[in-house]
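Asker: My questions will all concern the structure given below.
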Amino acid sequence: MIQAKTVIEIRNISKRFGNVIAVDSNSLTIKEGEFFALLGPSGCGKTTLLRMLAGLEVPTDGKILIDGEDMQGVAPNHRPINMVFQSYAVFPHMTVFDNVGYGLKVTGIAASTIREEVMAALEQVRLGGYQDRMPDQLSGGQKQRVALARALVKKPKVLLLDEPLSALDAKLREAMQLELVKLQNTVGITFIIVTHDQDEALSMADRIAVINSGKIEQIAEPRTIYEFPANRFVADFIGKMNVFDAKVAKEGDRLAIQSSEIGRFLVSDRKDIEPNRINAVAIRPEKIRLTGTRPDDSLYCTEAKIVNIAYHGKETAIFVEIGENTEISCTVQNSSRKQDMPKIGDFRWLSWEVDDMLLLE
Ligand code: ATP
0 MIQAKTVIEI RNISKRFGNV IAVDSNSLTI KEGEFFALLG PSGCGKTTLL RMLAGLEVPT
60 DGKILIDGED MQGVAPNHRP INMVFQSYAV FPHMTVFDNV GYGLKVTGIA ASTIREEVMA
120 ALEQVRLGGY QDRMPDQLSG GQKQRVALAR ALVKKPKVLL LDEPLSALDA KLREAMQLEL
180 VKLQNTVGIT FIIVTHDQDE ALSMADRIAV INSGKIEQIA EPRTIYEFPA NRFVADFIGK
240 MNVFDAKVAK EGDRLAIQSS EIGRFLVSDR KDIEPNRINA VAIRPEKIRL TGTRPDDSLY
300 CTEAKIVNIA YHGKETAIFV EIGENTEISC TVQNSSRKQD MPKIGDFRWL SWEVDDMLLL
360 E
């Protein structure tokens, strides 16, 4: 992992709009060269947090330090930061060259230097040769790259990206995700992206902050967020998850789970868990095994009825029912065309590895 110095330090930052607490006392540090994602549902406060970094909103409480310098009272254009917005935000009446060079021109730099810098920025975003085009002669992805070049040309320490890919269609978005990561590696500056798209955050970021109702719920690397969500909100928000209410008690050196929905069973001997803080258990659909015969190597297994099947190409989602009306979703990889798929109404044995069960606060 990156052993770089801290470029952004956020200390107990809050923002209130009247009665609405948009950002609720969050602290966070971001390292130089990191690709950091602020992820959360609509209205959770991620854009407000980004806008406070940019100086477009004034915090109600708390401090923001960039490169060790307190940003209180520092205007947006005096911060070592630049921002790329959701809409392409390019000037329609200017060529690509003038769009990218605009920010440099107003600072009074020599025309020859501007030319050099603009051409270099266009190369960086793979738009070399497009300098004389007008925005209406560009595709959506190309316009977004112009916006990126315009932000990069000023060589900020930190680039803020507010849902930068949300206006693009799914295929182009995926391609641009890879490209943004490559670009960030090349330019080496810190990127902070705001997104509500978990796949985007998981695939692009070095670390993610998951936000809910103004509060950061977990900050971690993508794999940790997915495999070890800190609590029920993160578990539910990231990927698909079966979550059940449950109580946990010590039984010898193991933990016993009692759930009204999936019954009673033993789980691992984790010592780091405080049983009475757990109120739910969870299992990812892809960790569940469906077998024709009862598995004898699993601590948890039960018989389940197939109630729904949804084919998704590379995988199939299979919904099973156990007991009265508890539905569980399972994912089966379609690795072979000869694979034997169950049908609605069939019964299968459902089981999972003890360690794949998550205990949630
Ligand atoms: P989205 O993904 O929908 O843009 P978000 O997570 O970025 O959502 P914010 O835009 O930061 O959320 O908004 C957080 C909360 O603050 C919301 O409840 C929003 O209505 C409120 N809010 C944001 N800006 C203002 C404002 N200028 N005046 C009043 N309330 C605001």
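So for the sequence shown, numbering that gives the first Met the number 0 puts the first residue at 0; every next one is plus one.
Yeah, the Cβ is synthetic: ideal placement off N, Cα and C, and Gly gets one too.
Bear in mind the structure is a predicted one, so any value in this text is a computation, not a measurement.
(1) Tell me the DSSP secondary structure of Val89 in three-state form.
(2) Of the choices Thr330, Phe227, Asn324 and Glu320, whose alpha-carbon is the least far from that of Lys313?
(3) With the cut-off set at 8 Å, would you say Leu182 and Gln123 are in Cβ contact?
(4) Are there any heavy atoms of the ligand ATP lying less than 7 Å away from the beta-carbon of Phe90, as far as the coordinates show?
(5) At a threshold of 7 Å, does Thr223 count as lining the ligand ATP (C-beta to nearest heavy atom)?
(6) Looking at the secondary structure, which residues open and close the beta strand (DSSP E) in which Gly251 lies?
(7) Relative to the C-alpha of Leu49, which candidate in Ser258, Pro163 and Glu323 has its C-alpha closest?
(8) What residues in its chain sit with their C-beta under 7 Å from that of Met240, if we drop five residues either side in the sequence?
(9) What residue from Ala169, Lys154 and Ser202 has the CA that sits closest to Thr185's CA?
(10) Quick test of your reading: Glu320 and Lys304, contact by CB under 8 Å. State the CB separation rounded to the nearest angstrom.
(11) Between which residues of its own chain and Thr94 is the CB-CB distance below 7 Å, once the five residues before and five after are set aside?
(12) What number of angstroms, rounded off, separates the C-alpha of Ser350 from the C-alpha of Ala53?
(13) Three or more C-beta pairs closer than 8 Å, one from the segment 7-18 and one from the segment 57-76: is that the case here?
(14) Between the alpha carbons of Leu167 and Ala316, how many angstroms are there, rounded?
(15) If contact is defined by three or more beta carbon pairs under 8 Å, each pair taking one atom from either stretch, is the segment 200-218 in contact with the segment 26-39?
(16) Can you have a look at Gln176 and say buried or exposed, based on whether 16 or more other CB atoms are within 10 angstroms of its CB?
(17) Hey, Val99 and Val117: beta-carbon distance below 8 Å or not?
(18) So, using beta-carbon positions, are Val266 and Ile256 closer together than 8 Å?
(19) Can you list, in chain order, the residues of its chain with a C-beta nearer than 7 Å to that of Ala229? Leave out the 5 residues immediately preceding and following it.
(20) Under the criterion of a Cβ to heavy atom distance below 7 Å, does Ser41 qualify as lining the ligand ATP?
(21) Ser111 by DSSP, collapsed to three states: which one?
(22) By how many angstroms is the C-alpha of Arg347 removed from the C-alpha of Leu137?
(23) Taking 7 Å as the cut-off, is the beta-carbon of Val209 closer than that to any non-hydrogen atom of the ligand ATP?
(24) Any chance you could list the alpha helix (DSSP H) runs of at least 4 consecutive residues sitting entirely within the segment 113-172, in chain order?
(25) Which same chain residues end up closer than 8 Å to Ala248 when comparing Cβ atoms and leaving out the 5 residues on each side of it in sequence?
(26) According to DSSP, Ser350 sits in a beta bridge with which residue or residues?
(27) Would Gly251 pass as a contact of Val22 if the rule is Cβ separation under 8 Å?
(28) If Ile12 and Pro79 are in contact, beta carbons under 8 Å, what's the gap, nearest whole angstrom?
Answerer: According to the data block:
(1) coil
(2) Selected option, being the one with the closest Cα: Thr330.
(3) yes
(4) no
(5) no
(6) Gly251 -> no beta strand (DSSP E), and no H or E assigned at all.
(7) Pro163
(8) Ala234, Ala281 and Arg283
(9) Lys154
(10) 5 Å
(11) Gln130, Asp131, Arg132 and Met133
(12) 49 Å
(13) yes
(14) For Leu167 and Ala316, the distance between alpha carbons rounds to 27 Å.
(15) yes
(16) buried
(17) Going by C-beta atoms, Val99 is nearer than 8 Å to Val117.
(18) Yes, they are a contact pair.
(19) Glu216 and Gln217
(20) yes
(21) helix
(22) Arg347 has its alpha-carbon roughly 53 Å from the corresponding atom of Leu137.
(23) False, no ligand heavy atom lies under 7 Å from that Cβ.
(24) Taking only runs of at least 4 residues, the alpha helix (DSSP H) segments lying wholly in the segment 113-172 are 139-151.
(25) Leu254, Ala255, Gln257 and Pro274
(26) Arg288 and Cys300
(27) no
(28) Rounded, the Cβ-Cβ distance is 18 Å, inconsistent with contact.
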